[in-house]
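Peer 1:
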DNA sequence: AAACAATCGTTGACTTTTTCAATGATCCGT
DNA sequence: ACGGATCATTGAAAAAGTCAACGATTGTTT
């Protein structure tokens, strides 16, 4: 419920033309958000990325590690590390791919799903915290635009 | 004019709940954008960050390194490295702070401004490329929302 | 005005993250 | 059945981030 972490006041330099560059805006909001998210997830021994993997493992979509790497914009070797950690903690398991036996499908355990439920609540709170300056409709619109910019069309 | 770098098709995993998390959306769009931007700036020997510093040096706002660090969400020591590089290349100079002699004000040289003009054009093209899926109005709205999320109010 | 704590840029050490090539197992096309 | 591609994994190398300490300077307290 506390509101901290994001700039409260418009900094002097935001007046510069660069204050309108998408790249910078994304970098800043992403940086501030990661801080908040990682802080919120720390109680569960998770970070943004391990949480992402856990979420997808709980999604029922049965992602392979390769899909995780592509979707999360990570190197495959980074996914190995993330899954190693989650598996060691009994939150996730590697199952053999169904059509492709090279691939490993990441699925959640019962504990993993319990953990995810709790962590999800914390993350949603953090997200709300990050977007306090926006109304509910604006937040929805922001997400819609981000999704559209990423994978076009949809709705 | 080429359209490459961002996902063209909606990936299977985007259906998961996480496909609506601001954190992930920001991370992905930021990652894809950085790739595009750095590629566009490579011709000038610049990267996203050195370009940001150069832009602010050209802004007339006379930023100190501390302000740059805060604004760009960087550690002060990272700013030292960035300015070192730009200064070595004669694009930027360190001037003594006016009220505070500890601070160094970063100002552009004539060459720096020429370089910036050219690089700016390349970056704007890259940005346009990144947001092809959005209409002009949507792009503006996206920027507005990002700014508002970061520093509230305004308009 | 003298002493004190705080801030600025800088350096260097340290950790974390990213990147990349190589490997065995498996898949696919011919 | 052969050859080339893809998967997860490993390990090494490079890059980026973090952090504490320093001299110089500022502002504050006495």
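Residue numbers (our numbering), protein chains in the order written: chain B, 88 to 242; chain S, 88 to 242.
Built from N, CA and C at the ideal position, the CB exists for glycine as well.
None of these values were measured; they are calculated from a predicted model.
(1) Starting from the Cα of residue 139/B, find the closest Cα among 221/B, 186/B, 170/B and give me that residue.
(2) Can we say the segment 146-161 of chain B touches the segment 212-232 of chain B, given the rule of at least three CB pairs closer than 8 angstroms?
(3) What number of angstroms, rounded off, separates the C-alpha of residue 161/S from the C-alpha of residue 211/B?
(4) Let me know the secondary structure DSSP gives residue 183/S once reduced to three states.
(5) If the cut is a Cβ gap below 8 angstroms, which residues of chain S does residue 200/B touch?
(6) Kindly say whether residue 204/B, judged by its beta-carbon, lies nearer than 8 angstroms to any beta-carbon of chain S.
(7) Does residue 135/B pass the burial test, meaning 16 or more other C-beta atoms within 10 Å, or should it be called exposed?
(8) With 16 other CB atoms within 10 Å as the buried threshold, where does residue 150/B fall?
(9) Are the C-beta atoms of residue 217/B and some chain S residue less than 8 angstroms apart?
(10) If you count every other CB in all the chains shown that lies within 10 Å of the CB of residue 191/B, and 16 or more means buried, which is it?
(11) Could you check if residue 142/B is buried or exposed, using at least 16 other CB atoms within 10 Å of its CB as the buried criterion?
(12) For residue 111/S, go through chain B and note every residue whose CB falls closer than 7 angstroms to its CB, in chain order.
(13) Count the other CB atoms within 10 Å of the CB of residue 89/B; is the residue buried (16 or more) or exposed (fewer)?
(14) Is the Cβ of residue 212/S closer than 8 angstroms to any Cβ of chain B?
(15) Quick one: what's got a C-beta closer than 7 angstroms to residue 121/S's C-beta in the same chain, skipping five residues either side?
Peer 2: The short version:
(1) 170/B is the residue among 221/B, 186/B, 170/B whose C-alpha sits nearest the C-alpha of residue 139/B.
(2) no
(3) 26 angstroms
(4) Looking at residue 183/S - three-state DSSP - the assignment turns out to be strand.
(5) What residue 200/B touches in chain S: nothing, since even the nearest Cβ is about 13 angstroms away.
(6) no
(7) It counts as buried.
(8) buried
(9) yes
(10) buried
(11) Looking at its Cβ environment, which holds 16 or more other Cβ atoms inside 10 Å, residue 142/B is buried.
(12) Within 7 angstroms Cβ-Cβ: 139.
(13) A caution first: residue 89/B carries a pLDDT of 38, below 50, which makes its placement in the model too unreliable to give a value.
(14) no
(15) 135
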